[in-house]
Structure formats: C-alpha cells, structure tokens
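Novice: Residue numbers (the numbering used here), protein chains in the order written: chain A, 3 to 116; chain B, 43 to 264. All residues carry an ideal CB built from backbone N, CA and C; glycine is no exception.
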Amino acid sequence: MHEVSIAEEIKNVVIKKLNENNGKKVKKIKLLIGEMTTIVPEALQFALTIVSENTPMEDCKVKIKVLKTKARCNLCYKEFFIRDNNFLCSKCKTHEIEIIQGREMIIQSVEMER
Amino acid sequence: MGTINIFENIMKRNDEIAENNKKIINNALCINIMSSPGSGKTTLLEKSLKVLKNNYRIAVIEGDVSTSNDARRIKNVGVRAFQIKTENYGGGCHLDAKMINEELKKILKKSKFDFIVIENVGNLICPADFNLGEDKKVVVLSVTEGEDKPLKYPLMFKIADLLILNKIDLLPYVDFNIKSFKNNIKKINSKLKIIMLSAKTGKNINDWIEQLKLWYIEKNKF
Ligand SMILES: Nc1nc2c(ncn2[C@@H]2O[C@H](COP(=O)(O)OP(=O)(O)OP(=O)(O)O)[C@@H](O)[C@H]2O)c(=O)[nH]1
Ligand SMILES: [Mg+2]
Ligand SMILES: [Zn+2]
Ligand SMILES: [Zn+2]
Chain A
3 MHEVSIAEEI KNVVIKKLNE NNGKKVKKIK LLIGEMTTIV PEALQFALTI
53 VSENTPMEDC KVKIKVLKTK ARCNLCYKEF FIRDNNFLCS KCKTHEIEII
103 QGREMIIQSV EMER
Chain B
43 MGTINIFENI MKRNDEIAEN NKKIINNALC INIMSSPGSG KTTLLEKSLK
93 VLKNNYRIAV IEGDVSTSND ARRIKNVGVR AFQIKTENYG GGCHLDAKMI
143 NEELKKILKK SKFDFIVIEN VGNLICPADF NLGEDKKVVV LSVTEGEDKP
193 LKYPLMFKIA DLLILNKIDL LPYVDFNIKS FKNNIKKINS KLKIIMLSAK
243 TGKNINDWIE QLKLWYIEKN KF
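Here it is, written out as structure tokens:
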C-alpha cells in the first residue's frame with residue numbers, strides 16, 4: 003500500500019528533472035531498491051503505472067534493480083551477503099557487522115524525449 | 043532522446059524534513075512507537091504516561107487512518123494528545139516526516155514539552171522506512187503474535203532501539219517460546235534491548251518508565 007506514496011515521490015522528482023532539462027516525455031526510469039526496505043518491486047511497478055497516468059511519465063518503462071543485503075565485518079573486514087536473516091559474520095560469527103548495501107531507494111537515471 | 047543520471051535518494055525529501063523536525067523537537071525526547079495493529083501501544087501509553095505526567099510535560103501524537111479513539115484514550119488519562127488522520131494525506135499505512143512536521147509546528151507554538159511520543163499507525167512494515175526525526179524507535183510485539191514475527195519483518199527489529207514484548211500475562215495461554223523468540227532477535231539485532239511486560243496488569247511497566255527517564259536524562263545531560 004505504501005508503494006503509492008513512494009511512487010508519488012518518484013514522480014515528483016522525475017517530473018522536476020524532466021522540466022529542468024526541457025524534456026517532453028519520460029521514456030524510461032531506472033531504480034535501485036535495496037532488499038532491506040519495505041518496498042515490494044512488483045507493487046512499486048504497479049503503483050508507478052497508476053500515478054503516471056495523464057502525466058509525461060505515462061507508459062514509461064520502469065526498470066527496478068534489487069540490491070541484495072550486504073554487510074562488512076568490523077573485526078575481520080570480510081564482506082558478505084546476509085542470508086536467512088543471519089546478521090552475523092559468515093567467517094568469525096561475530097555480530098559486529100555493518101550493513102553496507104540493502105537500504106537503498108534510489109532513482110538512478112531517467113531517459114527522456116526532448 | 044537523452045538519459046540523465048540523477049542518483050537521487052527517494053527518501054531525500056522525507057529525511058530533510060525529519061532533520062528539521064529534530065531541530066523543532068530540540069531538547070524534548072521524541073520516541074516513535076511502532077507495532078502491528080492491537081499489540082497494545084495505546085494501553086502501554088495510558089498506563090505509563092499516567093505516572094510520568096506527574097513530573098514531565100508530555101505530548102502524544104497519535105497516527106491512525108481515520109479515527110480519533112486513541113487520542114481520546116490518552117486525553118482521558120490527563121495527557122495532551124493530538125491526532126493525525128493519515129487519510130487526510132491521501133492514504134496512509136504510516137506516518138511520514140511531513141505529517142509530523144505540520145503537527146509539531148502547531149503543538150510547539152504555544153507550549154513546551156519534555157516528551158513527545160508518537161504512536162505510529164498499526165503496521166509492522168512500512169513505518170520502518172520513514173524517519174520522523176525521533177530520538178528513539180520502539181517496537182512493540184505482543185505474545186499473541188508469535189515468536190517468528192521478527193523473522194518475517196526483520197527490518198523493524200533491525201532498526202529498533204528497544205523492543206517491548208507485551209501481554210506477558212497471556213503467556214500461560216499461548217504458544218510463545220521465549221527462548222526461540224530471543225534467538226530470533228539475536229540473529230537480527232544482537233544488541234536490541236528487550237523489556238517484557240504486561241500493559242494490562244502493569245507488571246514490569248516500571249522498567250519501561252525508567253527507560254524513558256534514562257533516555258531523557260541522556261539527551262539532556264550536557
Ligand atoms: N491481556 C492483555 N491485553 C492487552 C495488553 N495490552 C493491551 N491489551 C489489549 O489489546 C487490545 C489492543 O490494545 P491497544 O492498546 O488498543 O493496541 P494498539 O497497539 O494501540 O492498537 P492500534 O492502535 O489499533 O494499532 C486491547 O483490547 C487491550 O486491552 C496486555 O498486556 N495484556
Ligand atoms: Mg493504538
Ligand atoms: Zn568477521
Ligand atoms: Zn505505509
């Protein structure tokens with residue numbers, strides 16, 4: 003449900019960029035969404051088609067790349083992906099780790115017709 | 043045709059407003075309480091703020107989709123309460139920084155407070171993504187919800203500063219294994235502090251009240 007408010011926010015940013023660049027129509031948007039967010043990519047896709055209706059974003063392609071949750075150990079510096087909610091170092095089993103990827107919600111790029 | 047790289051954080055606007063909220067909140071201690079619907083957030087506040095209000099100035103911001111019941115309950119125990127109806131913001135399974143900002147400006151225009159308590163919309167999922175400018179995030183889980191909730195909704199438990207396990211008076215009647223619950227939490231957030239209490243009977247509720255005071259002192263010690 004909250005994907006609609008996220009989609010609205012994306013629309014606001016994209017339309018602003020379109021106007022700043024004297025674009026006419028948005029062709030494609032690329033998004034980076036971390037696995038450790040509450041966004042469901044399919045739901046976001048759907049929400050974006052809804053909020054884009056009757057705007058220069060209508061019918062634009064949306065590409066969502068999901069970034070897996072990744073952490074770094076503060077003791078042995080190993081970098082690893084988090085699986086099955088195991089937030090501990092895969093090598094030395096400590097909990098002293100830092101999340102370095104997975105919390106992103108980023109508009110990477112916008113392709114437009116000028 | 044042209045492609046422009048933006049690399050803009052979708053949460054940027056929310057986070058900027060949250061930063062502004064922090065400034066407005068100033069020395070008050072602001073907590074954001076989150077849980078599934080019905081875990082006992084309002085009951086916990088009724089019971090604890092009734093005590094805390096004798097020594098502190100408290101404001102409660104209630105987030106609900108369309109009703110004002112929770113704000114009324116808080117007012118009934120003699121604490122100032124303000125209702126945000128998220129449907130007025132076009133929907134709303136969560137509170138965002140903007141909604142809090144508008145409310146804070148109204149609330150703090152005339153009065154000063156020591157505690158600003160936000161009860162988020164009953165939802166264990168998306169409130170986790172929205173910073174409000176709070177000092178501490180508190181998640182409430184009740185024993186009737188099952189010990190595997192943290193594994194199903196890890197983000198909420200990962201970002202929380204404190205976990206309240208509520209309704210422990212019901213432990214004899216439900217299948218809730220405290221040991222595996224603690225193991226599940228340990229996997230996700232090994233440093234997460236847990237207070238087990240019953241908002242209904244008042245058991246251990248003092249631990250929660252003491253925690254609130256401690257946070258307040260920590261924030262204001264300099
Ligand atoms: N047995 C028992 N019941 C409780 C306890 N705390 C709350 N309840 C009951 O649980 C129900 C929901 O409590 P609320 O305090 O309204 O829960 P809430 O989290 O504020 O609910 P929403 O705001 O709707 O998300 C009520 O019927 C409470 O009486 C408790 O410690 N033990
Ligand atoms: Mg409530
Ligand atoms: Zn390690
Ligand atoms: Zn939401």
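Is Lys80/A near ligand 3, in the sense that its beta carbon is under 7 Å from a heavy atom of that ligand?
Specialist: Checking the Cβ of Lys80/A against ligand 3 gives yes.
Novice: Given this structure, state the Cα-to-Cα distance separating Ile259/B from Ile67/B, to the nearest angstrom.
Specialist: Taking the straight line joining both Cα atoms gives about 15 Å.
Novice: Given 8 Å as the limit, is there contact between the segment 157 to 176 of chain B and the segment 69 to 81 of chain B, that is, 3 or more CB pairs closer than that?
Specialist: These segments touch.
Novice: How about Glu161/B: is its Cβ closer than 7 Å to a heavy atom in ligand 2?
Specialist: Yes - ligand 2 has a heavy atom lying nearer than 7 Å to the Cβ of Glu161/B.
Novice: Check the Cβ of Val53/A against every Cβ in chain B and list those closer than 8 Å, keeping chain order.
Specialist: In chain order: nothing, as chain B lies at least about 11 Å away.
Novice: How about Gln47/A: is its C-beta nearer than 8 Å to some C-beta of chain B?
Specialist: No, because no Cβ of chain B sits closer than 8 Å to the Cβ of Gln47/A.
Novice: Should Asp112/B be flagged as near chain A, meaning a C-beta pair shorter than 8 Å?
Specialist: No, because no Cβ of chain A sits closer than 8 Å to the Cβ of Asp112/B.
Novice: Would you call Gly44/B buried or exposed, if buried means 16 or more other Cβ atoms sit within 10 Å of its Cβ?
Specialist: That one is exposed.
Novice: Between the Cα of Ile84/A and the Cα atoms of Lys72/A, Asn76/A and Ala49/A, which residue gives the shortest distance?
Specialist: Among Lys72/A, Asn76/A and Ala49/A, the Cα nearest to that of Ile84/A is on Lys72/A.
Novice: How long is the line joining the alpha carbons of Phe199/B and Asn87/A, rounded to whole angstroms?
Specialist: Their Cα atoms are separated by approximately 11 Å.
Novice: In three-state DSSP terms, what is Val102/B?
Specialist: DSSP places Val102/B in strand when its eight states are reduced to three.
Novice: Going along the chain, which residues put their C-beta within less than 5 Å of some heavy atom in ligand 4?
Specialist: Matched residues: His4/A, Cys135/B, His136/B and Cys168/B.
Novice: What I want to know is whether the C-beta of Lys70/A ends up closer than 7 Å to one or more non-hydrogen atoms of ligand 2.
Specialist: Because no heavy atom of ligand 2 lies under 7 Å away, the Cβ of Lys70/A does not count as near it: no.
Novice: The segment 96 to 108 of chain A: which residues have C-beta closer than 7 Å to a C-beta of chain B, in chain order?
Specialist: Against chain B - using a Cβ distance shorter than 7 Å - the residues of the segment 96 to 108 of chain A are His97, Met107 and Ile108.
Novice: If you measure from the beta carbon of Asn51/B to each beta carbon in chain A, is any gap under 8 Å?
Specialist: Judged by the 8 Å Cβ criterion, Asn51/B is in contact with chain A.
Novice: Is there at least one Cβ from chain A nearer than 8 Å to Leu183/B's Cβ?
Specialist: Not an interface residue.
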